[in-house]
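Visitor: Before I ask anything, here is the structure I am working with.
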Amino acid sequence: MPEILGWANLGTAAGVAAAVAGLTQILKRYIPKTDPKWIALGLAIVITILHQMVTGDYNWSSFVLSALNAVISAGTAVGLYEAGIKPVKEKMHNS
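Here the numbering used here is used: position 73 in the sequence shown is 1404, and no number is missing along the way.
Rendered as C-alpha coordinates:
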(Lines of atoms letter the chains of each structure in order from A and count residues from 1; the text may use other names and numbers.)
(Lines give C-alpha, C1' and ligand atoms only; values in the text may rest on other atoms or scores of the structure.)
Protein backbone atom coordinates (compact mmCIF):
# COMPACT_ATOMS: atom_id res chain seq x y z
CA MET A 1 0.00 0.00 0.00
CA PRO A 2 1.56 3.33 -1.02
CA GLU A 3 2.04 6.09 1.49
CA ILE A 4 -0.78 8.61 1.23
CA LEU A 5 1.20 11.42 2.81
CA GLY A 6 4.60 10.47 1.41
CA TRP A 7 6.84 13.11 -0.15
CA ALA A 8 5.95 12.00 -3.68
CA ASN A 9 2.23 12.63 -3.07
CA LEU A 10 2.85 15.86 -1.17
CA GLY A 11 4.55 17.20 -4.28
CA THR A 12 1.20 17.32 -6.04
CA ALA A 13 -1.48 19.95 -5.55
CA ALA A 14 -3.97 17.26 -4.58
CA GLY A 15 -1.60 15.81 -1.97
CA VAL A 16 -0.99 19.21 -0.41
CA ALA A 17 -4.72 20.02 -0.48
CA ALA A 18 -5.58 16.75 1.29
CA ALA A 19 -2.94 17.32 3.97
CA VAL A 20 -3.94 20.97 4.42
CA ALA A 21 -7.65 20.16 4.65
CA GLY A 22 -7.07 17.60 7.38
CA LEU A 23 -4.51 19.58 9.34
CA THR A 24 -6.58 22.77 9.17
CA GLN A 25 -9.54 20.99 10.75
CA ILE A 26 -7.29 19.86 13.59
CA LEU A 27 -5.42 23.14 14.13
CA LYS A 28 -8.44 25.44 14.01
CA ARG A 29 -9.55 24.00 17.34
CA TYR A 30 -6.27 25.05 18.92
CA ILE A 31 -6.16 28.49 17.23
CA PRO A 32 -9.82 29.54 17.54
CA LYS A 33 -9.51 33.27 16.84
CA THR A 34 -7.76 32.79 13.49
CA ASP A 35 -9.69 32.42 10.24
CA PRO A 36 -9.20 28.82 9.01
CA LYS A 37 -8.46 30.14 5.52
CA TRP A 38 -5.26 31.75 6.83
CA ILE A 39 -4.34 28.57 8.67
CA ALA A 40 -4.81 26.63 5.42
CA LEU A 41 -2.62 29.04 3.47
CA GLY A 42 0.11 28.94 6.11
CA LEU A 43 0.08 25.15 6.20
CA ALA A 44 0.19 24.93 2.41
CA ILE A 45 3.21 27.24 2.27
CA VAL A 46 5.02 25.30 4.99
CA ILE A 47 4.31 21.93 3.36
CA THR A 48 5.44 23.05 -0.09
CA ILE A 49 8.63 24.63 1.30
CA LEU A 50 9.38 21.45 3.25
CA HIS A 51 8.84 19.45 0.07
CA GLN A 52 11.33 21.66 -1.77
CA MET A 53 13.88 21.22 1.02
CA VAL A 54 13.47 17.44 1.18
CA THR A 55 13.76 16.98 -2.57
CA GLY A 56 16.77 19.30 -2.71
CA ASP A 57 15.35 21.49 -5.48
CA TYR A 58 16.72 24.93 -4.60
CA ASN A 59 16.32 27.02 -7.74
CA TRP A 60 14.12 30.13 -7.90
CA SER A 61 11.69 28.78 -10.45
CA SER A 62 10.88 25.85 -8.17
CA PHE A 63 10.18 28.18 -5.26
CA VAL A 64 7.89 30.31 -7.42
CA LEU A 65 6.03 27.22 -8.58
CA SER A 66 5.84 26.01 -4.97
CA ALA A 67 4.28 29.30 -3.89
CA LEU A 68 1.72 29.01 -6.68
CA ASN A 69 1.09 25.39 -5.74
CA ALA A 70 0.57 26.47 -2.12
CA VAL A 71 -2.05 29.07 -3.07
CA ILE A 72 -3.88 26.63 -5.34
CA SER A 73 -3.74 23.87 -2.73
CA ALA A 74 -4.99 26.15 0.05
CA GLY A 75 -7.86 27.29 -2.17
CA THR A 76 -8.68 23.69 -2.96
CA ALA A 77 -8.62 22.71 0.71
CA VAL A 78 -10.91 25.61 1.65
CA GLY A 79 -13.21 24.72 -1.24
CA LEU A 80 -13.34 21.09 -0.11
CA TYR A 81 -14.47 22.25 3.31
CA GLU A 82 -17.00 24.79 2.04
CA ALA A 83 -18.56 22.42 -0.50
CA GLY A 84 -18.33 19.08 1.27
CA ILE A 85 -17.94 19.29 5.03
CA LYS A 86 -19.68 22.52 6.03
CA PRO A 87 -23.12 21.64 4.52
CA VAL A 88 -23.08 18.27 6.27
CA LYS A 89 -22.21 19.89 9.61
CA GLU A 90 -25.01 22.43 9.18
CA LYS A 91 -27.53 19.68 8.37
CA MET A 92 -26.45 17.71 11.42
CA HIS A 93 -26.82 20.73 13.71
CA ASN A 94 -30.20 21.70 12.28
CA SER A 95 -31.64 18.21 12.73
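For each residue, glycine too, the CB sits at the ideal point set by N, CA and C.
Specify the secondary structure class of residue 1319 as computed by DSSP and reduced to three states.
Guide: Because the chain in this structure spans residues 1332 to 1426, residue 1319 falls outside the shown range and cannot be described.
Visitor: Can you give me the Cβ contacts of residue 1416 inside the same chain, cut-off strictly under 6 Å, excluding the 5 residues immediately before and after it?
Guide: none
Visitor: The alpha helix (DSSP H) spanning residue 1346 covers which residue range?
Guide: 1344-1358
Visitor: Do you know offhand how far residue 1378's Cα is from residue 1423's?
Guide: 32 Å
Visitor: Between the beta-carbon of residue 1352 and the beta-carbon of residue 1411, is there less than 8 Å?
Guide: yes
Visitor: Pull up the distance between the alpha-carbon of residue 1371 and that of residue 1396, whole angstroms please.
Guide: 18 Å
Visitor: Is the beta carbon of residue 1381 closer than 8 Å to that of residue 1354?
Guide: no
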